[in-house]
Amino acid sequence: MAIQRMDNVLIVVDDLDAAIAFFVELGMELEGRALIEGRWAEQAERVIGLNGVRQEVAMLRIPGGVGGIELAMFHTPKAISAEPKDAPANTLGIRRVMFAVDDIEDVIARLRPHGAELVGTLEQYEDSYRLCYVRGPEGIIVGLAQQLR
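Under the UniProt record's numbering, read the sequence shown as residues 1 to 149, first letter to last.
As structure tokens, this is what we get:
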């Protein structure tokens, strides 16, 4: 039996609107947004192992692709922070999500008004790629890669 696809990555946030705006500016499409409570929350509680769940979720997809980001903002129980929002790239756990882009400088410029800052520098690896990490809302690290060949 083989894996069919990676469907999405969950990112828990405090400001859902800011996170949605950031990923939409990056080029993702908002597929849907919903408040999870009542019967749906009871099912979610059994899946995620939490009680008293009330959350708002947003699904974003890569246009024409299958991968996506699920953003969740927990009203109850309140989200907890396991690490500082400025955690470095070598902190244990999931550190970043990487996207291939057409024009890396344009993407950086469009993300800056949404709070994005370069983590390090924009680098070029020979004639192959231009790469950088940007830190967006909630301290989310997004890798950007522009293929040159």
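Using N, Cα and C, we set each Cβ at its ideal position, and we do this for glycine too.
Between which two residues does the alpha helix (DSSP H) carrying residue 111 extend?
104-111
Quick check: residue 32 and residue 6, are their CB atoms within less than 8 Å of each other?
No, they are not a contact pair.
For the beta strand (DSSP E) containing residue 94, name the first residue and the last one.
Counting along the chain, residue 94 falls outside any beta strand (DSSP E), and DSSP gives it neither H nor E.
Coil, strand or helix - residue 149 by DSSP:
coil
Considering only the alpha carbon of each residue, which of 147, 136, 47 lies closest to residue 11?
136
Rounded to whole angstroms, how far is the Cβ of residue 89 from the Cβ of residue 47, which I believe are closer than 8 Å?
The Cβ separation is near 30 Å, so there is no contact.
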